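Trainee: Handing you this structure, nothing more for now.
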Amino acid sequence: MTTAPDAPEHQGFRLSQLIYDTRYRSMTIQIVVLFLVMGFVGWLVDNTIQNLNALGKDFNYSFLGQRAGYDIGNALIPYNNDMTHGRALLVGLLNTLWVSFLGCIAATVLGVIIGVLRLSKNWLVARMMTIYVEVFRNIPVLLWILVALALLTEVAPSPNQYKVNAATGEAKTSMLFESVAFTNRYTAIPSIHFDRSLGSLDTALAPISLNFLAIVLVLLASWFVTKAVNKNATKVQAATGVRPTTWWQNALIWLLPVAIVVTVLGINPEEPVLKGFNFTKGTNVSNAFVALWAGLSLYTAAFIAEIVRAGIMAVSKGQSEAAFALGLRPSRTMRLVILPQALRVIIPPLISQFLNLTKNSSLAIAVGYLDLRGTLGGITLNQTGRELEAITLMMLIYLVISLLISGGMNIFNNRVKLKER
Amino acid sequence: MKKSVFIGALTAATLAAGVAGAATLDDVKARGELICGVNTGLVGFAAPDANGNWSGFDVAICQAVAGAVLGDPSKVKYVPTSGQTRFTALGSGEVDLLARNTTWTFSRDTDLKLQFTATNYYDGQGFMVRKDSGVTSAKELDGASICIQTGTTTELNLADYFKANNMSYQPITVDSNAEGEQQFLAGACDAYTTDASGLAATRAAFANPSDYVILPEIISKEPLAPAVRQGDDQWTDIVRWTVYALIAAEEYGVTSANIDELAKSTDNPEIKRLLGVEGDLGAMVGLDKDWAVNAIKANGNYGEIFAATIGEQTPIGLARGLNAQWTQGGLMYAPPFR
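In C-alpha cells, the structure reads:
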C-alpha cells in the first residue's frame with residue numbers, strides 16, 4: 001500500500017512563502033502595489049503642499065466670488081465684466097456644453113450617413129466615403145479646426161464690405177436673401193422677435209422669455225396628442241389589420257397650435273443691420289464657434305462612420321436576406337431591420353466618441369472661442385494666479401460632464417440592447 | 001516597522017524632489033547658464049533671428065544679468081512664454097528671470113508672489129487700426145471688434161476703458177502677438193490693442209506699416225519690469241541693480257565703447273564704485289567686482305540698448321519719451337551706487 005508522498009508536515013509559516021507560494025503571491029503583489037500607489041499619491045500631495053508653502057500661496061476658491069473684470073465675446077447667458085469669476089466659469093461651461101451638444105448631433109447624423117454610404121454598392125460613393133473617413137480620421141482635429149477658421153476668415157468679406165456706398169447706392173457685397181451676411185468675423189442671421197411679449201421669468205441663470213416657454217409648452221402638448229393618435233392608430237391596426245392614415249392629423253396637430261400661438265404673439269424676424277463696425281439687431285454666430293463646431297463634427301463623424309459600418313456588418317447577412325425575401329425594399333430593410341440591430345453594437349463605442357468630442361472641445365482656445373478652458377482655465381486662472389485651484393476645478397467639471405454623458409448613454413444602451421428572455 | 005520605513009522613504013523622496021531652489025544665484029552659477037523667460041516673438045523686444053539667436057530690448061536684460069552673474073552674456077537659455085504661461089513658468093522655477101513686457105501691478109506683486117525688480121520701460125496701452133477705416137480716436141471705436149491677447153493686463157484695461165466711456169465692443173481673444181497680428185491683418189478685428197510699444201513693434205513687421213495707424217489715446221499705465229520669484233531677496237537685488245547699473249551707466253556716460261578706458265581714467269567716485277575700481281559693491285550681492293562692467297559690456301548701457309533695439313533709428317521707431325533719463329525729463333532714474 002502506498003501512501004501519498006508527502007503532504008508536507010506542518011512546518012509553520014515562512015516569510016519566503018509570500019513570494020514562492022502561489023497561495024500568497026498574488027496577495028503580496030497586490031499589497032506591494034497598493035503601498036506604492038499610496039506612496040506616490042502621498043508624495044504628490046506632500047510635494048504640492050510644500051511647494052505651495054514655499055511660494056507662500058494658499059489653496060482656496062474665494063476668487064470665484066470676485067469681480068472678473070474681463071469681457072467674453074460669445075456668452076449664452078447675460079454677462080458683463082462686473083460679474084464674478086464664478087459667473088464667467090458658468091458662461092464658459094455653457095459654451096462648452098453648447099458646442100459639444102451641437103457637435104455630437106452633427107457628428108452622429110453625418111457619421112451615420114457616411115457609415116451607411118460606405119457600404120453602398122455604388123463604387124464611386126463607397127470610395128468617396130472611404131476617402132472622407134481616412135482623410136478626416138488621420139489628421140489631428142486641431143488642424144481641422146484651424147483650417148475651418150482660416151477658410152471662414154480668409155474667404156468671407158469683412159463687415160464693412162456690406163456698407164452701402166452713399167454715392168452709388170450699392171454695397172460691394174450684398175446679403176443673402178437680404179437677411180444673412182457671411183463675414184470674416186461671424187455670420188449675421190436674423191433673430192426672432194415678438195411684437196407682443198408675455199414678459200420674462202427671472203431665474204438666477206438667465207431670464208427666460210415667457211413667449212419662448214409658451215411655444216415649448218404648446219409643442220410639448222402637440223407631442224402628447226400625436227402620441228395618443230399614433231397609439232390609437234396602432235390599436236385600430238391590431239383590431240382590423242388596416243392602419244388608418246394619420247399623417248395629415250399629425251401634421252395638423254404639430255403645426256396648427258404653434259402657428260396660432262406665434263401669430264398671436266406677432267412673430268417676425270429681426271434682420272441684421274450694419275451699424276458702424278459690425279452688424280447689430282440680428283444674431284451673430286461667430287466664426288470661432290462655427291470653426292470649432294465644424295472641425296469637431298467632421299473629425300468625429302469619421303470615427304462614428306467606422307463604428308456604424310462595423311455595427312451594420314455585425315448584423316448577420318441572413319437578416320437582410322430574410323427581409324428581402326419578405327419583400328422589403330433596401331431602404332426599409334436598412335431602417336427597420338439592420339439599423340435597430342446594429343445599434344446594439346454601435347452605442348457603446350459611440351459613447352466614447354461623444355466623450356472624445358466633448359473633451360476635444362477644449363481646443364476652443366485655439367480659435368479664441370471662450371469655453372470652460374478659455375474662461376476658468378484661461379483668463380480667470382491667469383488674472384487670479386490660482387493655477388492649482390482652477391485646473392483641479394476644471395478637471396472635476398470635465399469629469400462630471402463625461403460621467404453624465406456616459407451615464408445617459410448607458411441608460412439609452414440598456415433600452416436598445418438585445419432583450420434576452 | 002513597515003509603516004515607519006514607508007514614511008521614511010516618503011520623506012526622503014519628498015526631500016529629494018525638493019522645492020524650487022531657494023538660492024537662485026547658486027543654481028544659476030552651478031548650471032553655468034541663466035534661464036530667461038522671454039516673449040514668444042515680438043520684434044525689438046525679444047525675437048529669434050533666422051539662426052535662432054535671440055535679440056531685443058528684453059533679451060538685452062537677460063544678457064546683462066548673465067554678464068553680471070556668469071561673466072558671459074552669451075550663457076543664456078531663452079524660454080519663450082506666452083501671456084498665459086509666463087507666471088507659471090516663473091513660479092514653478094522653470095525660468096530664473098522673466099524679462100517679457102510684463103506690467104508691474106499690485107496683485108501680481110502681492111497675490112501672484114512675484115517680485116518686480118526695476119521698471120525698464122514705461123509703457124501704456126494703445127490701439128492700432130487700419131488707416132482706411134477712417135478712425136482717428138479710440139472714442140470712435142464703439143461697437144468695434146477688438147483683438148486682445150488673453151492673460152494680460154490690457155484685457156482688463158480694455159473692459160474698463162469701454163465701460164468708462166459707455167461704449168460696447170466685441171472682444172476677439174488671441175493667445176499670442178503672432179495670432180493677434182494674423183487676425184488683425186485678416187480683418188477679423190477692427191482694432192488691435194496691446195502696449196503701445198508692442199503695437200509699434202508689431203506694425204514694424206507688417207508688409208505695409210504705413211497702412212496702419214496707432215491711435216493717440218494711451219488708456220493705461222504699463223510699467224514693464226523684469227520679474228523674479230518672491231522669497232529670494234539676493235536674486236531680486238542682483239536683477240534690480242543690474243537694470244539700474246545699465247540706467248546709471250547711461251547717466252554717467254559709460255558706454256560699451258569707453259568702459260575699459262573710463263575704468264582706468266575716471267575721477268568720478270560714483271563711476272569708480274559702479275565699475276568696481278573702488279570699493280566692492282559686487283561682493284555685497286554675491287557677485288564679482290566687475291559685475292557691472294560685464295553687464296554693461298553685454299549690449300552697452302540703457303541708452304545704447306534702447307537705440308539698437310527699439311529706438312528711432314530702428315524700424316520700430318520708438319521715441320524715448322517717458323523712458324528718457326531723469327536729467328532729460330524722463331522717468332529713468334537709478335538710485336545711487338554706494
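For the record, the sequence lines run as chains A and B.
When the letters of the first sequence are read in order and numbered with UniProt numbering, they come out as residues 1 to 421.
When the letters of the second sequence are read in order and numbered with UniProt numbering, they come out as residues 1 to 338.
Think of the CB as a built atom: it goes at the ideal place given N, C-alpha and C, for glycine as much as any other residue.
What you are looking at is a predicted structure, and each value in this text was computed from that prediction instead of being measured.
1) Leaving aside the five residues before and after residue 484 of chain A along the sequence, list all residues of the same chain whose C-beta is less than 7 Å from its C-beta, in chain order.
2) Considering only the alpha carbon of each residue, which of B:Asn301, B:Asp290, B:Ala324, B:Met284 lies closest to B:Arg338?
3) Is the beta carbon of B:Thr173 sitting closer than 9 Å to the one on A:Gly295?
4) Along the region 285 to 319 of chain B, what residues have a CB closer than 7 Å to any CB found in chain A?
5) Tell whether a beta-carbon distance below 9 Å holds between B:Asp232 and B:Thr102.
6) Check the DSSP bridge columns for A:Ile192 and list the partner residues they point to.
7) In chain B, which residues lie less than 9 Å from A:Ala332 when you measure between Cβ atoms?
8) Measure the CB-CB distance between B:Leu141 and B:Phe162 and report whether it falls below 9 Å.
9) Taking only the alpha-carbon atoms, compute the straight-line gap between A:Leu34 and A:Ser352 and give it to the nearest angstrom.
10) Hey, could you find the ends of the beta strand (DSSP E) B:Arg130 is sitting in?
11) In whole angstroms, what is the alpha-carbon distance linking B:Arg100 and B:Thr152?
12) In or out: A:Glu154 buried (at least 16 other Cβ within 10 Å) or exposed?
13) Given a cut-off of 9 Å, decide if A:Tyr132 and A:Ala305 are closer than it, judged by their beta-carbon atoms.
14) Have a look at A:Asp82 and A:Leu124 and give me their C-alpha separation to the nearest angstrom.
15) Excluding five sequence neighbours on each side, which residues of the same chain lie with their C-beta closer than 6 Å to the C-beta of B:Asp237?
16) So A:Thr28 contacts chain B; which residues on that side make the cut at Cβ distance below 7 Å?
17) On the premise that A:Gly378 lies in contact with A:Ile365, defined as a C-beta separation below 8 Å, what is that separation, rounded to the nearest angstrom?
18) Which residue or residues does DSSP assign as beta-bridge partners of A:Asp202?
19) Considering just the uninterrupted stretch of the beta strand (DSSP E) at residue 361 of chain B, what are its terminal residues?
20) Can you give me, in chain order, the residues of the region 362 to 375 of chain A that have a beta carbon less than 8 Å from any beta carbon in chain B?
21) Are the beta-carbon atoms belonging to B:Asn258 and B:Ala68 less than 9 Å from one another?
22) At least one CB of chain B closer than 9 Å to the CB of A:Arg185: is that the case?
23) Use the C-beta contact count for A:Trp144: other C-beta atoms within 10 angstroms, 16 or more gives buried, fewer gives exposed.
24) Going by alpha carbons, who is nearest to B:Gly71 out of B:Asp58, B:Asn39, B:Glu33, B:Glu94?
25) How big is the Cα-Cα spacing for A:Thr70 and A:Ala288?
26) What beta strand (DSSP E) runs, 3 residues minimum, are completely inside the region 105 to 168 of chain B?
27) Quick test of the definition: if touching needs 3 or more C-beta pairs under 8 Å, does the region 304 to 312 of chain B touch the region 53 to 68 of chain B?
28) State the beta-bridge partners of B:Pro171 as determined by DSSP.
29) Measuring alpha carbon to alpha carbon, tell me which residue in A:Leu117, A:Leu90, A:Asp58, A:Phe63 is nearest A:Ala302.
30) Could you work out which residues of chain A lie near B:Ser145, taking near to mean beta carbons separated by less than 8 Å?
31) Can you grab the Cα-Cα spacing for the pair B:Gly21 / B:Tyr212, in whole Å?
32) Please name the residue, chosen from B:Lys113, B:Phe116, B:Ala46, that lies closest to B:Ser82 on a Cα-to-Cα basis.
33) Could I get the ranges of all uninterrupted alpha helix (DSSP H) runs contained in the region 248 to 319 of chain B, with 4 residues as the minimum, in chain order?
34) Residue range of the beta strand (DSSP E) that B:Tyr78 falls in?
35) How about B:Glu155 and A:Gln66: do their beta carbons lie closer than 9 Å?
36) Could you check what DSSP says for A:Tyr61 in three-state terms: helix, strand or coil?
Mentor: From the atom records:
1) Outside the shown range of chain A, which is 1 to 421, sits residue 484 of chain A, and nothing can be said about it.
2) B:Met284
3) no
4) none
5) no
6) A:Pro269
7) The sequence given here has Arg at residue 332 of chain A, not Ala. Near A:Arg332 there are no residues of chain B at all, since even the closest Cβ is about 48 Å away, more than 9 Å.
8) yes
9) 29 Å
10) 125 to 130
11) 12 Å
12) exposed
13) yes
14) 57 Å
15) Val285
16) Correct list: empty, because the minimum Cβ distance to chain B is about 13 Å.
17) 6 Å
18) A:Pro207
19) Any question about residue 361 of chain B goes unanswered here, given that chain B covers just 1 to 338.
20) Ile365, Ala366, Gly368, Leu370, Gly374
21) no
22) yes
23) buried
24) B:Glu33
25) Reading the sequence as shown, one finds Tyr at residue 70 of chain A and not Thr. In a straight line, the C-alpha of A:Tyr70 is about 19 Å away from that of A:Ala288.
26) 114 to 116, 121 to 123, 125 to 130, 144 to 149
27) yes
28) B:Ile146
29) A:Leu117
30) Arg185, Phe277, Asn278
31) Note that B:Gly21 scores a pLDDT of 48, beneath 50, so its modelled location is shaky; the value from the coordinates is reported in the next line. If I take the Cα positions, the gap works out to 47 Å.
32) B:Ala46
33) 259 to 265, 269 to 274, 281 to 284, 291 to 299, 302 to 309
34) 76 to 81
35) no
36) coil
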